[in-house]
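Participant: One structure, as structure tokens, below. Some questions next.
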Ligand code: ADP
């Protein structure tokens, strides 16, 4: 195996052992407490344990989905099912899926009412945007805002997801999209797999789009900017 292959294999094993096992151990812990208490728990405690198990199970589900996507993208086997879809619909689903992840932040969405529909697979693009929003919630301090702003730019929609967190150093802004690449910052940084953004890139590029990392507004925080094609207008389709 090449040195690069070895590195990826090591990173994957590391990621599986940590990112898969940690939530699983939490789920097992919470569910066994529920089972052992056998009805003797206060309603509030029961609810807390149930929500913990549910949150962690959902995190695990998103992680496994990302791993599957990565494998399929690697084989060119992830064909987007593209349709004309309203970005606001996709964002509604993302907001709902990430309700608990976003509990500590304000999510502001600004999309012009007359933004033309995207030519996109709503599930895959929803997942790409969810990965970015999840990062924003993870790296930016609680109490800050996360914004999703869209605007038309020629025949593409430009969607910017910005946060008020530490930002990504300029020298790292391309590499964060590499598989398993994480910005080195010592032990205090939040846990992660380094999978999220590489999958965003794969998903967006499979739609003929682009993604880039920039500094946020006023040079603070992070802006992840996606460009995705609009659906052909119905007159073009009729041709
Ligand atoms: P991870 O699971 O590590 O979050 P990603 O591929 O999603 O993996 O992101 C790669 C790296 O990019 C992260 O480890 C982090 O260093 C950096 N990063 C991504 N999003 C943000 C953000 N919103 N703010 C600051 N750093 C970020």
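In my numbering, the protein residues as written are 69 to 307.
All C-beta atoms, glycine included, are put in the ideal place defined by N, C-alpha and C.
Between residue 298 and residue 189, what straight-line distance do the alpha-carbon atoms span, to the nearest angstrom?
Facilitator: Whole-angstrom Cα-Cα distance: 12 Å.
Participant: Would you give the residue range spanned by the alpha helix (DSSP H) that residue 158 belongs to?
Facilitator: Start and end: 155-165.
Participant: Counting C-beta neighbours from all protein chains within 10 Å, is the total for residue 124 16 or more, i.e. buried, or is it exposed?
Facilitator: With 16 or more other Cβ atoms within 10 Å, it is buried.
Participant: Buried or exposed for residue 295, please, with buried defined as at least 16 other CB atoms from any protein chain shown within 10 angstroms of its CB.
Facilitator: Buried is the call here.
Participant: For residue 201, count the other beta carbons within 10 Å of its own beta carbon; 16 or more makes it buried, fewer makes it exposed. Which is it?
Facilitator: With 16 or more Cβ atoms within 10 Å of its Cβ, residue 201 is classed as buried.
Participant: Under 8 Å by Cβ, that's how I've got residue 235 and residue 172 pegged, so tell me the actual separation to the nearest angstrom.
Facilitator: About 19 Å separates the two Cβ atoms, so there is no contact after all.
Participant: Consider the C-beta atom of residue 187 and the heavy atoms of the ligand ADP; say whether any pair is separated by less than 7 Å.
Facilitator: No, Cβ of residue 187 sits at least 7 Å from all heavy atoms of the ligand ADP.
Participant: Determine the closest residue to residue 210 out of 126, 232, 132 and 136, with distance taken between C-alpha atoms.
Facilitator: Measuring from the Cα of residue 210, the nearest candidate turns out to be 232.
Participant: Short check: CB of residue 102 to CB of residue 117, under 8 Å?
Facilitator: In this structure, residue 117 lies closer than 8 Å to residue 102 by Cβ.
Participant: So, for residue 197: in the same chain, excluding its five sequence neighbours on each side, which residues have a beta-carbon less than 6 Å away from its beta-carbon?
Facilitator: The residues are 162.
Participant: Residue 257 to residue 207, Cα distance in whole Å?
Facilitator: Distance between the alpha carbons of residue 257 and residue 207: 8 Å.
Participant: Can you grab the Cα-Cα spacing for the pair residue 306 / residue 221, in whole Å?
Facilitator: Confidence at residue 306 is low in this model, with a pLDDT of 45, below 50, so its placement is unreliable and the value that follows should be read with caution. Residue 306 and residue 221: Cα-Cα distance of roughly 24 Å.
Participant: May I ask whether a heavy atom of the ligand ADP can be found less than 7 Å away from the beta carbon of residue 262?
Facilitator: Yes.
Participant: Which class does residue 298 belong to by DSSP, given the choice of helix, strand or coil?
Facilitator: Residue 298: strand per DSSP, three-state reduction.
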